[in-house]
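Q: The sequence shown lines up with residues 4 to 522 when you count with the numbering used here.
Before I ask anything, here is the structure I am working with.
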Amino acid sequence: MGAGGESTLGTGGPEQSVGSLGRPWGTIPRMSPRLSRSWLLPLLLPLAFVGCQPTAPQNADPSEGPRHLVMVSLDTFRADHLRPELTPRLASLAEEAVRFDDFVNATPSTLASHTSLFSGLHPHHHGVASNGWIVPQEVETLAEVLQVAGFHTAGFVGSFALHSRFGVDQGFSHWDQRFDQAIGIDAVDQSQRRADRVIEAVLAYLESSPALEAERLFLFVHVFDTHYPYDPPSQEADAASSIPFVDWTEDERARAQAIEGESSEELARRYAGEAAYIDRQIGRLMDGLRQRGILDDAVLAVVSDHGEALWQHGERWHATEVYQSTVDGIFFARLPGGEAAGPVDGVTGTIDVMPTVLRALRLPMPDVLDGEAFDLQAPRVATRVDRARFSQATSGHVDVAESEEPGAWANLQFPRMVRRGRWKMIQWPTSGREALFDLDEDPGERRDLLQGPTTAEVDSSELRHLLEDWANSADPLPSHFDREFELDTRRQLCALGYVPCPDESEGKKGAPEDPGPIP
């Protein structure tokens, strides 16, 4: 962790610097000794899922572009909850931004998704399987690129899943991770902090000398409140009494009632209350950035890492399936003054965020990317409605340790999906089952077009080949579960509901009723 950040959980005391975690580089800005993977490009380029390996515009002068980058990550945020009546500040910002409305989260898992966000790579290339794994130093991150370009880089996170011990802070001079509040139902999510504390840390840091003296800033702000368990402040709980519509079957309603002990509607009201609460805190952040003259000299990127199932399709939280409830994401990018605002046609995804913001800042790209750089100043010029994007479920458990073997990717056993235009195919490799959906006609994914006659104008075999080629291209950088801190990590992830607790006494204290993986 960069100098100035502290953590009161899981480290044995305050952290004074990155070096206190046992890393050799102390607080000195660093670049990844990225492994050369240029040999992979000839194999990947013919496949439809690979981006254009973009570079900065020719003869681009970074000094002529926006000075700063502000990236806001909405953890566990359903895309259908971005609406004026529930999240007015976010909706207003989206109206001033270039909006990527058909956005596919790379994976419904926090650490793996954020690694894709920072690297422009799919999980089966960057190697991070799920929470608790180590981001390889060979991954060239957005923060590292910006740090080399002269940006002061500072990150503020709301969840232990993004603790610096997992290497997600690569390239950040400052990483604020003070998880100092026991919040939620029976305190089961103690290893986090509410959005108001995250925003307070950001605004306080902007008054410190590192930020005040910086010519260019990269601020990464992560909020976690829409993660289970949902316990919004009374102000937002009351405001969300009329919830956004969520479509459940009777079986899904019954299962939610049986396990949660409350109706699916009440569960969704509490979730919507957390979304409203996040919106108010993001509004505070925007006001603070505008007052300091940062917002209108910055690219503002707002993105979700994944959504939340809320019992749709029988999934309690997220990570185990790839239906729209968890992989339909948010990404919009506001240029200074709201320039070029409007929607972008075509499917995009998490892997496109890094190259797109680098292009907006007129900076060079890493050598290897899965994503594509969109020109935010002319985003509708080169869009493709036939673009394919992919996602894969994960396991929150340590039993995917086989991924430590070179070239192995144990996640191949989990559900995966491909989106191309209105069409979506899901495969469940362990059962051999697959399904096809027309999201224009069936956004809730209730009618599998492969079951029975259909007039769908789509070649399912083409989607099948795209998905299988993508899966077969898995070639992860070497990663591993954090075994040095395994017991402590498992206790912390248990407190968040991610994995079973290490023993019975801890299980009774911290685990939810069904401690399945919800990374």
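Every residue gets a Cβ at the ideal spot worked out from N, C-alpha and C, and that includes glycine.
With the cut-off set at 8 Å, would you say ALA336 and VAL371 are in Cβ contact?
A: Not in contact: ALA336 and VAL371 (Cβ atoms no closer than 8 Å).
Q: Can you give the Cα-Cα distance for ALA214 and SER176, rounded to whole angstroms?
A: Using only the alpha carbons, I get a separation of about 11 Å.
Q: How big is the Cα-Cα spacing for VAL205 and GLN140?
A: Taking the straight line joining both Cα atoms gives about 26 Å.
Q: What's the call for GLY349, buried or exposed, on a 16-neighbour Cβ count within 10 Å?
A: Result: buried.
Q: Going by DSSP in three states, ASP462 sits in which element: helix, strand or coil?
A: Correct three-state label for ASP462: coil.
Q: Indicate whether at least one CB of chain C lies closer than 8 Å to the CB of SER463.
A: Looking for chain C here will not work: only one protein chain is present.
Q: Rounded to a whole number of angstroms, what is the C-alpha to C-alpha distance between VAL148 and PRO369?
A: Taking the straight line from one Cα to the other gives about 8 Å.
Q: Can you tell me whether ASP228 is buried or exposed, with buried defined as 16 or more other CB within 10 angstroms of its CB?
A: The residue in question, ASP228, is buried, as its Cβ has 16 or more Cβ neighbours within 10 Å.
Q: From the DSSP output, read off the bridge partner residues of ARG362.
A: Paired residue(s): none; ARG362 is not in a bridge.
Q: May I ask you to report which of helix, strand or coil DSSP gives ALA336?
A: The answer is strand: DSSP assigns ALA336 an E or B state.
Q: Let's test the definition: count the other Cβ atoms within 10 Å of the Cβ of ARG422 and tell me whether it reaches 16, buried, or not, exposed.
A: It is buried - the Cβ of ARG422 has at least 16 other Cβ atoms within 10 Å.
Q: Can you tell me whether PHE154 is helix, strand or coil according to DSSP?
A: Of the three classes helix, strand and coil, the one that applies to PHE154 here is coil, per DSSP.
Q: What's the call for ILE262, buried or exposed, on a 16-neighbour Cβ count within 10 Å?
A: By the neighbour-count rule (16 or more Cβ atoms within 10 Å), ILE262 is not buried but exposed.
Q: Quick test of your reading: ILE285 and VAL101, contact by CB under 8 Å. State the CB separation rounded to the nearest angstrom.
A: Not quite, the Cβ-Cβ distance comes to about 18 Å (not below 8 Å), so this is no contact.
Q: Could you name the residues of the same chain whose beta carbon sits closer than 8 Å to that of ASP451, not counting the 5 residues immediately before and after it, in chain order?
A: Same-chain partners within the cutoff: ALA438, LEU439 and PHE440.
Q: Rounded to whole angstroms, what's the CA-CA distance from PRO382 to SER167? Just pull it up for me.
A: Taking the straight line joining both Cα atoms gives about 34 Å.
Q: Cutting at 6 Å between CB atoms, please list the residues of its own chain near VAL224, excluding the five before and the five after it.
A: Once the five neighbours on either side are set aside, the close Cβ partners of VAL224 are VAL75, PHE159 and VAL205.
Q: In the DSSP output, what is ARG419 paired with across the bridge?
A: Its beta-bridge partners are GLN395 and GLN430.
Q: Count the other CB atoms, across all protein chains shown, that sit within 10 Å of the CB of VAL142; report buried if there are 16 or more and exposed otherwise.
A: So VAL142 counts as buried.
Q: Can you give the beta carbon distance from ILE333 to VAL305, rounded, assuming they're within the 8 Å contact cut?
A: About 7 Å; that satisfies the 8 Å criterion.
Q: At what residues does the alpha helix (DSSP H) containing ALA214 begin and finish?
A: Where ALA214 is concerned, the enclosing alpha helix (DSSP H) stretches over 212-215.
Q: From the DSSP output, read off the bridge partner residues of THR351.
A: Its beta-bridge partners are PHE106.
Q: What residues in its chain sit with their C-beta under 7 Å from that of ALA198, if we drop five residues either side in the sequence?
A: Contacts found: GLY161, VAL226, ASP228, TYR280, ILE281 and GLN284.
Q: So, under 8 Å CB-CB, ALA396 and GLU324 are touching, yes? Tell me the CB distance rounded to an integer number of Å.
A: ALA396 to GLU324, Cβ: 6 Å. Contact.
Q: Which residue or residues does DSSP assign as beta-bridge partners of MET357?
A: Paired residue(s): none; MET357 is not in a bridge.
Q: From PHE106, ASP378 and PRO367, pick the residue whose C-alpha is nearest to that of ARG81; which is it?
A: Closest option to ARG81, Cα to Cα, is PHE106.
Q: In three-state terms, what does DSSP make of ASP300?
A: If DSSP states are grouped into helix, strand and coil, ASP300 belongs with the helices.
Q: For ASP443, which residues in the same chain have their Cβ closer than 6 Å to its Cβ, ignoring the five residues on either side in sequence?
A: Excluding sequence neighbours, ASP443 sits near ARG425.
Q: Name the two residues that bound the continuous beta strand (DSSP E) containing PHE440.
A: 436-441 is the span of the beta strand (DSSP E), which, as asked, contains PHE440.
Q: State the DSSP-derived secondary structure class of PHE169, mapped to helix, strand or coil.
A: Of the three classes helix, strand and coil, the one that applies to PHE169 here is helix, per DSSP.
Q: Here's the rule: buried if 16 or more other CB atoms are within 10 angstroms of the residue's CB, otherwise exposed. What is GLU265?
A: Exposed is the call here.
Q: Determine which residues share a DSSP beta bridge with ASP331 and list them.
A: In DSSP, ASP331 forms a bridge with VAL107.
Q: For THR113, count the other beta carbons within 10 Å of its own beta carbon; 16 or more makes it buried, fewer makes it exposed. Which is it?
A: The residue in question, THR113, is buried, as its Cβ has 16 or more Cβ neighbours within 10 Å.
Q: Would THR110 and SER434 be called neighbours here (beta carbons separated by less than 8 Å)?
A: The answer is no: Cβ separation not under 8 Å.
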